[in-house]
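Student: Counting in UniProt numbering, the sequence shown runs from 1 upward without gaps.
Positions of the beta carbon are idealized from the N, C-alpha and C atoms, including for glycine.
A quick note: this is a predicted structure, and the numbers were derived from the prediction, not measured.
Structure below; questions to follow.
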Amino acid sequence: MRVLMFLVPLALSIYAFIDCISTDEKHIRHMPKPLWAILVLLFPLVGSISWLLAGKERTAVRPRLAGGGGWVAPDDNPDFLKSLGEDKPESRSEKPKDDGPEDTPPRG
Numbered sequence: 001m002r003v004l005m006f007l008v009p010l011a012l013s014i015y016a017f018i019d020c021i022s023t024d025e026k027h028i029r030h031m032p033k034p035l036w037a038i039l040v041l042l043f044p045l046v047g048s049i050s051w052l053l054a055g056k057e058r059t060a061v062r063p064r065l066a067g068g069g070g071w072v073a074p075d076d077n078p079d080f081l082k083s084l085g086e087d088k089p090e091s092r093s094e095k096p097k098d099d100g101p102e103d104t105p106p107r108g
């Protein structure tokens with residue numbers, strides 16, 4: 001238990017510091033990036049929690065709707081399914097011959 005009291009804040013501060021220095025400057029809020037990094041290093045627990053809560057713009061991941069213009073699996077994409085019929089050679093697109101009685105050889 002004593003080890004966790006040391007390792008959890010250490011891991012949190014390492015994560016927050018790496019996240020801080022790897023974040024683009026335009027996504028950082030409230031203070032400049034070097035000031036956030038110093039805050040995380042000097043006050044590991046408070047600085048890390050502050051960085052995670054207030055330092056970086058975080059956006060929620062939203063699922064894309066079917067008509068949202070995102071990637072669609074080939075079997076769900078009507079354009080792809082239409083293109084399968086267009087790729088057939090001309091000889092296959094002709095109607096098949098009817099193998100009726102007139103094509104059977106005479107009995108003899």
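Spatial neighbours of K33 within its chain, please: C-beta separation below 8 Å, excluding the five flanking residues on both sides.
Tutor: Here residue 33 refers to the residue found at position 33 when the sequence shown is read from its first residue. Within the same chain, K33 has close Cβ partners C20, I21, T23, E25.
Student: Span of the alpha helix (DSSP H) holding L41?
Tutor: If you number the sequence shown from 1, residue 41 lands on position 41. That run of the alpha helix (DSSP H) goes 33–42.
Student: Which residues in the same chain have their Cβ closer than 6 Å to the Cβ of G47, if we skip the five residues on either side of it in sequence?
Tutor: The residue given as residue 47 occupies position 47 in the sequence shown. Excluding sequence neighbours, G47 sits near L39, V40.
Student: Give the range of the alpha helix (DSSP H) segment to which G85 is assigned.
Tutor: As a working mapping, residue 85 is identified with position 85 in the sequence shown. First-last of the alpha helix (DSSP H) with G85: 78–86.
Student: Mind checking which residues open and close the alpha helix (DSSP H) that includes I28?
Tutor: Position 28 of the sequence shown, counted from the first residue, corresponds to residue 28. I28 -> no alpha helix (DSSP H), and no H or E assigned at all.
Student: CA-CA distance, D75 and H27?
Tutor: Mapped onto the sequence shown, residue 75 falls at position 75. Mapped onto the sequence shown, residue 27 falls at position 27. Going from the Cα of D75 to the Cα of H27 covers about 38 Å.
Student: Going by beta-carbon coordinates alone, are I49 and L12 separated by less than 9 Å?
Tutor: Residue mapping note: residue 49 aligns to position 49 of the sequence shown, counting from 1. Residue mapping note: residue 12 aligns to position 12 of the sequence shown, counting from 1. Contact: yes.
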